[in-house]
RNA sequence: GGAGGAUUAGCAUAAUUGGUAAUGCAGCAGUCUUGAAAACUGCCGGCUUUACGGCCUUGGGGGUUCGAGUCCCUCAUCCUCCGCCA
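Numbering (the working numbering), first residue to last: 389 to 815.
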């Protein structure tokens, strides 16, 4: 969330940001917030003054009682009334704090100056294209659904029977290929790119969702287990960024770089009917997630590094892709700046999002209270958090199958993966 | 699932029948020193205030009270034991 002090001092910057994010209607909420904040500060002053009086008189009462001389009854009677007044003020303050918190949690992050202003995804900027990987595709192409079915490696029908639509079942060489991809990506990120591997819980509590920003805004996108009041993770970002919730880190520990492979669960409510075939949109998929905790002054270098780390996978697998710099109207509410990596699926004839690399600055750190001491003995300051997929396997699998298919309907395995699969051809 | 115990600042330890959080270590700054150590002084949870000061803070939430680390309720986590279990 944003710093209430920043909002109070620069309300015009916040409303400009809301307009650029196509959320101009939220400016009313902003004004409401400022009113609440003003009222709250006035009430705090009143309440604090009365508390100071009460503390002082309570000490006097203690002195009288201890000495055994004189009666404190009058003072106690007065303080009863003061206590009632305080209780009334604090009741109002409590409600105001709730109202303020609700608005604060719902306001999106600042935007970085690099972010192009635009109304929708159409105005995202193509930042980079890397299409020059050579695949001989001069024949009638099959899409990943047909390839998966013919080769017996993907079975969406049975996945649907077991659970429901959007829960894929991998079989034989398909399952092995998926496992190879995950292991390969983890090895690259932990070996060459310097990340520490973590294997986090797959269910999280509500505090964790709030910490990373999925709660309250995107609560309807997360699977919820009512009996135990837990949520299935929509991305490893949630458990891994919450590892250090309510902690004060030493400056020497930063940057912290974590890589985690987990399944991700998403309800995708409201998106039925669009690109739902096969892997294009699923409720469960696997992803290697990269998470960094950075000192504020280095977080934009860290963002470029995460992007490069994610790209390194596609270079090794020789899969064509492009990088988008998201515009103000398309970037997620939590991020100040975000790159999307889209892989090219030649049979679908479209780019598919396989990674999103974002800087959140102190937006999540403030929600989750993740701080560090810039120097020994100095005041704690919020860290910057970042993450990027490196990468999501579902869309990557589509691009891999479609780019590596042969005229015979078989799939070649990229050289980098062969040590992991143990075979070089899926037939 | 059941029984008992525990939770105080980065760490470790105190706090009369309820009287308003004490101390040590570590850390930071300074004095001293060629430099360092030692010693000494100050700082050493959060918010607020130009400042003086004020308020809040004993795992979270609630209650009793003029006043709660202390009494009551509730939740969480950890430890010990019993039961169940891959």
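Think of the CB as a built atom: it goes at the ideal place given N, C-alpha and C, for glycine as much as any other residue.
* Asked: Where do the ends of the alpha helix (DSSP H) carrying residue 626 lie?
  -> Translated into the one-based positions of the first chain, residue 626 becomes position 238. Under the DSSP assignment, residue 626 falls in the alpha helix (DSSP H) whose first and last residues are 625–629.
* Asked: If you compare alpha carbons, which of 634, 712, 677 is closest to residue 570?
  -> Within the first chain, the letter at position 182 stands for residue 570. The shortest C-alpha separation from residue 570 is found at 677.
* Pick out whichever of 736, 738, 698, 776 has its Cα sitting closest to the Cα of residue 725. => Here residue 725 is taken as the residue at index 337 of the first chain, counted from 1. Measuring from the Cα of residue 725, the nearest candidate turns out to be 776.
* To do: Just mark residue 703 as buried or exposed, buried being the case when its beta carbon has 16 or more other beta carbons within 10 Å.
  => By one-based count along the first chain, residue 703 stands at place 315. Burial check for residue 703: the Cβ neighbour count within 10 Å stays below 16, so the residue is exposed.
* To do: Check the C-beta distance from residue 592 over to residue 628 and give it rounded, since I have them as a contact under 8 Å.
  => For this step, residue 592 is matched to residue 204 along the first chain. For this step, residue 628 is matched to residue 240 along the first chain. With 8 Å as the limit, residue 592 and residue 628 do not qualify as a contact, their Cβ atoms being about 10 Å apart.
* Please report how far the alpha carbon of residue 441 lies from the alpha carbon of residue 603, in whole angstroms. => Within the first chain, residue 441 is the residue found at index 53, counting from 1. Within the first chain, residue 603 is the residue found at index 215, counting from 1. Straight across, the Cα-Cα distance linking residue 441 with residue 603 is about 40 Å.
* In whole angstroms, what is the alpha-carbon distance linking residue 748 and residue 502? -> Along the first chain, read from residue 1 onward, the residue named residue 748 stands at position 360. Along the first chain, read from residue 1 onward, the residue named residue 502 stands at position 114. Straight-line Cα distance between these residues: approximately 14 Å.
* Asked: Smallest Cα separation from residue 760: which of 769, 754, 752, 753?
  -> Residue mapping note: residue 760 aligns to position 372 of the first chain, counting from 1. Closest in C-alpha terms to residue 760, from the list 769, 754, 752, 753, comes 769.
* Would you kindly check if the distance between the Cβ of residue 568 and the Cβ of residue 805 is under 8 Å? => Mapped onto the first chain, residue 805 falls at position 417. Mapped onto the first chain, residue 568 falls at position 180. Yes, they are a contact pair.
* Looking at C-beta atoms only, is the number of pairs between the segment 782–789 and the segment 725–735 that lie closer than 8 Å three or more? -> The segment 725–735 and the segment 782–789 touch, with three or more beta-carbon pairs separated by less than 8 Å.
* **Residues of its chain near residue 473, where Cβ-Cβ distance is below 7 Å and the 5 sequence neighbours each way are ignored** => In the first chain, residue 473 corresponds to position 85, counting from 1. Excluding sequence neighbours, residue 473 sits near 438.
* Identity of the residue in 684, 486, 611 nearest residue 655 by Cα -> For the purposes of this step, residue 655 is taken as residue 267 along the first chain, with counting starting at 1. Taking the Cα of residue 655 as reference, the smallest distance to any Cα among 684, 486, 611 is reached at 611.
* Pair within 8 Å by beta-carbon distance, residue 683 and residue 639 -> Taking the first chain and counting its residues from 1, the one referred to as residue 683 is at position 295. Taking the first chain and counting its residues from 1, the one referred to as residue 639 is at position 251. Taking the C-beta atoms as reference points, residue 639 is found nearer than 8 Å to residue 683.
* Asked: Which parts of the segment 551–581 are runs of the alpha helix (DSSP H), unbroken and 4 residues or longer, counting only runs that do not cross its ends?
  -> Correct list: 561–575.
* Any idea if residue 582 is buried or exposed, counting beta-carbon neighbours within 10 angstroms, 16 or more meaning buried? -> As a position in the first chain, residue 582 is number 194, starting the count at 1. Burial call: exposed.
* Residue environment, residue 508, which counts as buried when at least 16 other CB atoms sit within 10 Å -> Position 120 of the first chain, counted from the start, is the residue given in the question as residue 508. By the beta-carbon neighbour count (other beta carbons within 10 angstroms, threshold 16), residue 508 is exposed.
* Counting along the chain, where does the beta strand (DSSP E) carrying residue 772 start and finish? -> In the first chain, residue 772 corresponds to position 384, counting from 1. Start and end: 772–780.
* Just how far apart, CA to CA, sit residue 722 and residue 797? -> Taking the first chain and counting its residues from 1, one reaches residue 722 at position 334. Taking the first chain and counting its residues from 1, one reaches residue 797 at position 409. Straight through space, the alpha carbons of residue 797 and residue 722 are spaced by roughly 43 Å.
* Note down, in chain order, each residue of its chain lying with its Cβ closer than 6 Å to the Cβ of residue 695, except the 5 sequence neighbours on either side. => The sequence position of residue 695 within the first chain is 307, counting from 1. Cβ within range, chain order: 727, 745.
* Asked: residue 430 lies in the alpha helix (DSSP H); which residues open and close that run?
  -> Looking up residue 430 in the first chain gives position 42. Counted as a single uninterrupted DSSP element, the alpha helix (DSSP H) harbouring residue 430 occupies residues 415–455.
* Asked: Does the Cβ-Cβ distance between residue 620 and residue 590 come in under 8 Å?
  -> Your numbering for residue 620 matches position 232 in the first chain. Your numbering for residue 590 matches position 202 in the first chain. A contact, by the Cβ cut-off of 8 Å.
* To do: Note down, in chain order, each residue of its chain lying with its Cβ closer than 7 Å to the Cβ of residue 653, except the 5 sequence neighbours on either side.
  => Sequence index remark: in the first chain, residue 653 carries index 265 (1-based). Excluding residues within five positions, the ones whose Cβ falls inside 7 Å are 611, 620, 621, 622, 671, 672.
* In angstroms with no decimal places, state the Cα-to-Cα distance between residue 712 and residue 706. => The residue you call residue 712 lines up with position 324 of the first chain. The residue you call residue 706 lines up with position 318 of the first chain. The alpha-carbon atoms of residue 712 and residue 706 are separated by roughly 19 Å.
* To do: Starting from residue 704, follow the beta strand (DSSP E) in both directions and report where the run begins and ends.
  => Along the first chain, one-based indexing puts residue 704 at 316. Per DSSP, residue 704 belongs to no beta strand (DSSP E); it is in the alpha helix (DSSP H), 687–705.
* Start and end of the alpha helix (DSSP H) containing residue 597? -> Here residue 597 refers to the residue found at position 209 of the first chain. Residue range 594–600 is occupied by the alpha helix (DSSP H) that includes residue 597.
* Helix, strand or coil for residue 791 per DSSP? -> Reading the first chain from its first residue, position 403 is the one you call residue 791. DSSP places residue 791 within a helical segment (H, G or I) once states are collapsed to three.
* Just confirm the distance between the C-beta atoms of residue 527 and residue 795, as a whole number of angstroms; I'd bet it's less than 8 Å. => Looking up residue 527 in the first chain gives position 139. Looking up residue 795 in the first chain gives position 407. At roughly 4 Å, the Cβ-Cβ gap stays under 8 Å, so residue 527 and residue 795 are in contact.
* Asked: Where does residue 389 sit, in a helix, a strand or coil, going by DSSP?
  -> Position 1 of the first chain, counting from 1, holds the residue named residue 389. Shown here, residue 389 sits in coil according to DSSP, grouped into three states, outside any helix or strand.
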